[in-house]
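As they're listed, the protein sequences go chains A and B. Each residue of the first sequence is one higher than the one before, starting from 17 at the first, in the working numbering. Each residue of the second sequence is one higher than the one before, starting from 17 at the first, in the working numbering. Below: one structure, written as structure tokens.
There are 2 protein chains.
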Amino acid sequence: MKLTSKGRYAVMALVDLARFDTINPVSLRDISLRQGISLDYLEQIFSKLKKNQIVKSTRGTQGGYILSKKPNEIKLNNILNAVDEKVKTVQCKKESKKGCNGRATKCVTHNLWDELETHINTFFEKKSLQDLLKDNSERVN
Amino acid sequence: MKLTSKGRYAVMALVDLARFDTINPVSLRDISLRQGISLDYLEQIFSKLKKNQIVKSTRGTQGGYILSKKPNEIKLNNILNAVDEKVKTVQCKKESKKGCNGRATKCVTHNLWDELETHINTFFEKKSLQDLLKDNSERVN
DNA sequence: ACATACCTGACTAAAATGGTCAAGTTTAGA
DNA sequence: TCTAAACTTGACCATTTTAGTCAGGTATGT
């Protein structure tokens, strides 16, 4: 399982977007400056967010990104999946005749990681962008 | 955050140990063969488990490892911490005057990762080796 | 036309991962 | 007492992932 900066950046950027896209599209440049994330890296991230229909883009001067849906309809789960931060805890070979570790049976921890995966996914499915906005409504930055 | 093979191996090895240490210490060699984990790697893992008083060792012929406590007293949390698979989701610089990203404020997702961390830790604190033994009591391997 | 901003893909330094290898020390049992 | 089994320690390493950078584009509002 992995939960690294990419996922964090994606969430940060989208919270930023949710705050500022009410009138005009928001440029990555602005997000980059406000959130302290490299512009080039943001472009990679937004490319994936766009492919997953989480944001929409407008090109040209005054262009930028806006959210595709309302903040309460965008779950953290959607965001993290979009940037390939899928919650994956076990690397048991699926569909092979043998189970984990090349054995006939599943490794003794197999069910455990499955449970954990569900546990974490549930957490992210419940949280929406809206929830984060609310939590940080008093913040300046 | 990271949850990789090392943690999985540690749990697998301890479940194995819990099953077989009733009479004699169990050698890493045996665990290695039964669980399909490299012996050398197991040695690294058990070195840490020992430092954290999760297992005790006996040297020499017929030596090996036994659990320091009863299976129901060993929480998964203890195991994963011992092998450095601490649940860590954010790399915000602690104790610096500035918050995440070198800003004066915490990044908007700071609380989120904190919550997740608690969420996951709670999961592991509730699970003991005993629980895993029970789940797999019918297994052959 | 030109500046702004999106778009794409190749590239890379540094860190983490999942080990291996070598050289011990300790102790049970023959 | 000798020796093999088993623990102990630390260095080393190939591969993969991460977190970007860089170098080009293309589209479009003014």
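Glycine residues also receive a C-beta, built at the ideal position from the N, C-alpha and C atoms.
Exercise for the section: For threonine 74(B), write down the residues that DSSP places opposite it in a beta bridge. Expected result: The count along the second sequence starts at 1 and reaches residue 74(B) at position 58. The beta-bridge partner set that DSSP reports for threonine 74(B) consists of Gly80(B).
Handout entry: Chain-ordered residues of the stretch 38 to 67 of chain A with a beta carbon less than 8 angstroms from chain B
Key = Residues Gln51, Gly52, Ile53.
Practice task
Answer with buried or exposed for glutamate 101(A), where buried requires no fewer than 16 other C-beta atoms within 10 angstroms of its C-beta.
Solution key: The residue given as residue 101(A) occupies position 85 in the first sequence. By the neighbour-count rule (16 or more Cβ atoms within 10 Å), glutamate 101(A) is buried.
Practice task
Give a yes or no on whether the minimum CB-CB distance between valine 99(A) and chain B is below 8 angstroms.
Solution key: Position 83 of the first sequence, counted from the first residue, corresponds to residue 99(A). Interface annotation, valine 99(A): not in contact with chain B, CB-CB separation never under 8 angstroms.
Problem - Residue interval of the alpha helix (DSSP H) (run including glycine 23(A)) - result: Translated into positions along the first sequence, residue 23(A) becomes position 7. 21 to 36 is the extent of the alpha helix (DSSP H) around glycine 23(A).
Problem - Residue of Phe62(B), Asp130(B), Gln69(B), Ala98(B) minimising C-alpha distance to serine 48(B) - result: The residue given as residue 48(B) occupies position 32 in the second sequence. Considering only alpha carbons, the answer is Phe62(B).
Problem - 8 angstroms Cβ cutoff, aspartate 151(B) in contact with chain A - result: As a position in the second sequence, residue 151(B) is number 135, starting the count at 1. Judged by the 8 angstroms Cβ criterion, aspartate 151(B) is in contact with chain A.
Practice task
Please name the residue or residues paired with lysine 150(B) in a DSSP beta bridge.
Solution key: Indexing the second sequence from 1 puts residue 150(B) at position 134. None, per the DSSP bridge assignment.
Practice task
Report yes or no: is there a C-beta of chain B within less than 8 angstroms of the C-beta of phenylalanine 139(A)?
Solution key: As a position in the first sequence, residue 139(A) is number 123, starting the count at 1. At least one chain B Cβ lies under 8 angstroms of phenylalanine 139(A).
Handout entry: One or two residues paired with lysine 91(B) in a DSSP bridge
Key = Position 75 of the second sequence, counted from the start, is the residue given in the question as residue 91(B). Ser144(B), per the DSSP bridge assignment.
Problem - lysine 67(B): first and last residue of the uninterrupted alpha helix (DSSP H) it sits in - result: By one-based count along the second sequence, residue 67(B) stands at place 51. Lysine 67(B) -> alpha helix (DSSP H) spans 55 to 67.
Practice task
In the DSSP assignment, find the alpha helix (DSSP H) that holds serine 48(A) and state where it starts and stops.
Solution key: Taking the first sequence and counting its residues from 1, the one referred to as residue 48(A) is at position 32. That run of the alpha helix (DSSP H) goes 44 to 51.
Handout entry: Under 9 angstroms from the C-beta of leucine 145(A): neighbouring residues of chain B
Key = The count along the first sequence starts at 1 and reaches residue 145(A) at position 129. In chain B, no part has a C-beta under 9 angstroms from the C-beta of leucine 145(A); the shortest such distance is about 10 angstroms.
Practice task
Rank Gln69(B), Lys72(B), Lys143(B), Leu55(B) by C-alpha distance to the C-alpha of tyrosine 25(B) and give the top, closest one.
Solution key: In the second sequence, residue 25(B) corresponds to position 9, counting from 1. Comparing Cα-Cα distances from tyrosine 25(B) to each of Gln69(B), Lys72(B), Lys143(B), Leu55(B), the minimum goes to Leu55(B).
Handout entry: Cβ contact (3+ pairs, closer than 8 angstroms) linking the stretch 125 to 137 of chain B and the stretch 60 to 80 of chain B
Key = No, the stretch 125 to 137 of chain B does not touch the stretch 60 to 80 of chain B.
Practice task
May I have the straight-line CA-CA distance separating valine 156(B) from asparagine 97(A), to the nearest angstrom?
Solution key: Counted from its first residue, the second sequence places residue 156(B) at position 140. Counted from its first residue, the first sequence places residue 97(A) at position 81. In this prediction, valine 156(B) scores a pLDDT of 48, lower than 50, which makes its location untrustworthy; no coordinate-derived value is stated.
Handout entry: glutamine 78(B), buried or exposed, once every other Cβ within 10 Å from all chains shown has been counted against 16
Key = Counting from one through the second sequence, the residue named residue 78(B) turns up at place 62. Exposed is the label assigned to glutamine 78(B), since fewer than 16 other Cβ atoms lie within 10 Å of its Cβ.
Exercise for the section: Would you list, in chain order, the members of the stretch 77 to 96 of chain B that have their beta-carbon closer than 7 angstroms to a beta-carbon of chain A? Expected result: Going along the stretch 77 to 96 of chain B in chain order, one finds no residue with a Cβ nearer than 7 angstroms to chain A.
Exercise for the section: Find out if the Cβ-Cβ distance for the pair phenylalanine 139(A), lysine 91(A) is shorter than 8 angstroms. Expected result: For the purposes of this step, residue 139(A) is taken as residue 123 along the first sequence, with counting starting at 1. For the purposes of this step, residue 91(A) is taken as residue 75 along the first sequence, with counting starting at 1. In this structure, phenylalanine 139(A) sits away from lysine 91(A), with a CB-CB distance that is not shorter than 8 angstroms.
Handout entry: Chain-ordered chain B contacts of isoleucine 136(A) [CB-CB under 7 angstroms]
Key = Position 120 of the first sequence holds residue 136(A). Listed along the chain, the chain B residues whose CB falls inside 7 angstroms of the CB of isoleucine 136(A) are Ile136.
Exercise for the section: Give every residue of the same chain whose Cβ lies closer than 6 angstroms to the Cβ of serine 43(B), excluding the five residues on either side of it in the sequence, and list them in chain order. Expected result: Position 27 of the second sequence, counted from the start, is the residue given in the question as residue 43(B). Excluding positions up to five away in sequence, the list reads Gly80.
Problem - Distance between beta carbons of valine 99(A) and lysine 22(A), contact taken as under 8 angstroms - result: Here residue 22(A) refers to the residue found at position 6 when the first sequence is read from its first residue. Here residue 99(A) refers to the residue found at position 83 when the first sequence is read from its first residue. About 5 angstroms; that satisfies the 8 angstroms criterion.
Handout entry: Member of Glu133(B), Asn93(B), Ala34(B) whose CA lies at the smallest distance from the CA of serine 162(B)
Key = No answer is possible for residue 162(B): it lies beyond the span of chain B, which begins at 17 and ends at 157.
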